[in-house]
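Here the structure comes first, spelled out in structure tokens, and everything after it is commentary.
In the working numbering, the protein residues as written are 1 to 245.
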């Protein structure tokens with residue numbers, strides 16, 4: 001509870017700090033725009049899988065005292081997610097300008113498109129660390145361990161504030177990248193702080209993707225509808241943006 005409260009306070013201070021440095025300007029518009037692709041990749045490939053499938057299935061294996069089988073499922077899902085996410089991040093880094101033109105048409109006329117491209121490419125590292133953090137949180141939650149992920153959100157916000165404060169300069173719009181750098185470091189910190197608890201429960205990683213394992217198939221069956229739904233919503237938003245521009 002204390003960690004959640006601290007995270008909320010720091011989150012509010014983070015947003016206040018960014019607004020205080022750069023106000024409501026093309027710079028902050030570029031910063032906010034830069035989160036679209038990283039957030040899309042995370043929620044499309046990780047977020048729905050965690051809440052709807054990963055945690056419930058792993059919890060069931062643990063409850064049935066089948067931890068070895070559970071870790072085989074965990075390894076397969078983690079490897080599959082990172083393989084897929086890595087490919088999409090690589091593609092995103094190459095085609096960042098085209099993606100931004102698609103989802104925010106006309107931004108090059110009304111905002112700092114060059115800065116938005118630069119910030120997006122920095123922030124595209126974030127989904128990899130957030131995936132590690134989220135999947136680790138899913139494992140620990142299955143073991144009824146919740147405090148490390150709560151502490152991770154505190155470190156995330158603290159990192160954005162720290163690096164933004166020391167690297168950003170209100171007189172230099174491009175220096176808002178200091179906040180973006182803090183986001184990436186914070187995402188890593190939110191994962192790293194969970195490692196001791198993860199080691200305590202006993203990590204049993206397997207370098208495999210067992211497509212035929214019933215647990216992997218079940219997670220896929222539960223996650224696919226969520227992924228499709230999120231994809232359709234994203235397509236609709238993109239269509240509305242283009243239609244309205």
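All C-beta atoms, glycine included, are put in the ideal place defined by N, C-alpha and C.
Cβ pair residue i, residue j closer than 7 angstroms
i: residue 159; j: residue 180; result: no
i: residue 10; j: residue 157; result: yes
i: residue 131; j: residue 85; result: yes
i: residue 176; j: residue 27; result: yes
i: residue 142; j: residue 58; result: yes
i: residue 41; j: residue 90; result: no
i: residue 14; j: residue 161; result: yes
As assigned by DSSP and simplified to three states, the class of residue i
i: residue 245; result: With a pLDDT of only 48 at residue 245, under 50, the local geometry of the prediction cannot be trusted, and the value read off the model is given with reservation. Residue state, collapsed to three classes: coil.
i: residue 144; result: coil
i: residue 172; result: strand
i: residue 77; result: helix
i: residue 45; result: helix
i: residue 211; result: coil
i: residue 193; result: coil
i: residue 109; result: helix
i: residue 124; result: coil
i: residue 204; result: coil
i: residue 88; result: helix
i: residue 138; result: helix
i: residue 34; result: coil
i: residue 154; result: helix
i: residue 23; result: coil
i: residue 104; result: coil
i: residue 66; result: coil
i: residue 95; result: coil
Cut-off 7 angstroms between Cβ atoms - residues of its own chain near residue i, not counting five sequence neighbours on either side
i: residue 193; result: 148, 151, 152 and 155
i: residue 62; result: 70, 142 and 143
i: residue 234; result: 40
i: residue 210; result: 72, 76 and 216
i: residue 174; result: 115
i: residue 117; result: 96, 97 and 100
i: residue 223; result: 48, 49, 52 and 53
Own chain partners of residue i with C-beta closer than 6 angstroms, once the 5 adjacent residues on each side are dropped
i: residue 138; result: 50, 54 and 55
i: residue 107; result: 113
i: residue 214; result: none
i: residue 205; result: 75
i: residue 3; result: 150, 151 and 154
i: residue 196; result: none
i: residue 135; result: 78
i: residue 145; result: 197
i: residue 182; result: 159, 160, 163 and 164
Supposed close pair residue i, residue j - CB separation, criterion 8 angstroms
i: residue 52; j: residue 133; result: At roughly 18 angstroms, the Cβ-Cβ gap does not stay under 8 angstroms, so residue 52 and residue 133 are not in contact.
i: residue 30; j: residue 119; result: 6 angstroms
i: residue 72; j: residue 96; result: About 36 angstroms; that fails the 8 angstroms criterion.
i: residue 129; j: residue 184; result: 7 angstroms
i: residue 191; j: residue 178; result: In fact, because the Cβ distance is near 21 angstroms, the residues do not count as touching under 8 angstroms.
Check: residue i C-beta below 6 angstroms from any heavy atom of the ligand FAD
i: residue 61; result: The ligand content of the structure shown is nil, which means the ligand FAD is not present either.
Own chain partners of residue i with C-beta closer than 8 angstroms, once the 5 adjacent residues on each side are dropped
i: residue 17; result: 161, 164 and 165
Would you call the stretch 165-177 and the stretch 212-228 in contact, with 3 or more CB pairs under 8 angstroms? no
Would you call the stretch 75-95 in contact with the stretch 41-53, where contact means no fewer than 3 C-beta pairs closer than 8 angstroms? yes
Decide if the stretch 27-43 is in contact with the stretch 93-105; the criterion is three or more beta carbon pairs, one per stretch, under 8 angstroms apart. yes
Could you say if the stretch 214-221 and the stretch 66-77 meet the contact criterion of at least three C-beta pairs nearer than 8 angstroms? With a cut-off of 8 angstroms on Cβ pairs, the stretch 214-221 is in contact with the stretch 66-77, counting three or more such pairs.
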